[in-house]
Amino acid sequence: MASTLLSPMVDYYNDEEELDSVDDDDDRSFRGRDSEEDTEDASETDLAKHDDDDYVEIKEQMYQDKLASLKRQLQQLQEGTLQEYQKRMKKLDQQYKERLRNAGEYTTEQVERNYIKEKKAAVKEFDDKKVELKENLIQSNLRPAG
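According to the UniProt record's numbering, the sequence shown is numbered sequentially starting from 1.
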């Protein structure tokens, strides 16, 4: 049974010329594939080179854009019109005003504390002098006049 199954295949490739022609066809198709692969490889190389050129060009453009942006920001900074600069200056100005206000309040509180301290010292001195005068008057009244 196995021989009958194989026999049509053997009969089909019976003739050596047919086998040679099949081999030639296979060689041509392989050669064609080789040349197609070579073409593909060459085009891939060209594409890779083209991609590298595009990449370098894009990187250069990005660099030029960034450089132009930084130069524009520097110009705006020098003119005082850069938005980030204005925000920071506004914040700095607010901090300055707040510190001035706090310093003013502190100074006022210091003056008030000194005033209260001096007033207490004056009242104490007054009371001490008053007691001293009373004692002096009492002493002078107790002494004999004469």
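Heads up, the beta-carbon is just placed ideally off N, CA and C, and yes, glycines get one too. All values derive from a computational prediction rather than experimental measurement.
Three-way DSSP call (helix, strand, coil) for residue i in this model
{"i": "residue 108", "result": "helix"}
{"i": "residue 143", "result": "coil"}
{"i": "residue 138", "result": "helix"}
{"i": "residue 30", "result": "The predicted position of residue 30 is uncertain, since its pLDDT is 49 and thus under 50; a value taken from the coordinates is nonetheless stated next. It is helical."}
Supposed contact pair residue j and residue i - C-beta distance, whole angstroms, cut 8 Å
{"i": "residue 67", "j": "residue 73", "result": "So it is not a contact: roughly 11 Å between Cβ atoms."}
{"i": "residue 77", "j": "residue 85", "result": "5 Å"}
Min CB distance residue i to chain B below 8 Å
{"i": "residue 85", "result": "In the structure shown, chain B cannot be found, because there is only a single protein chain."}
Residue i: CB within 7 Å of a non-hydrogen atom of the ligand NAD
{"i": "residue 105", "result": "No copy of the ligand NAD occurs in the structure displayed, which carries no ligand at all."}
Curious, which full-length alpha helix (DSSP H) runs of at least 4 residues does the segment 67-111 contain?
You should have found no qualifying run.
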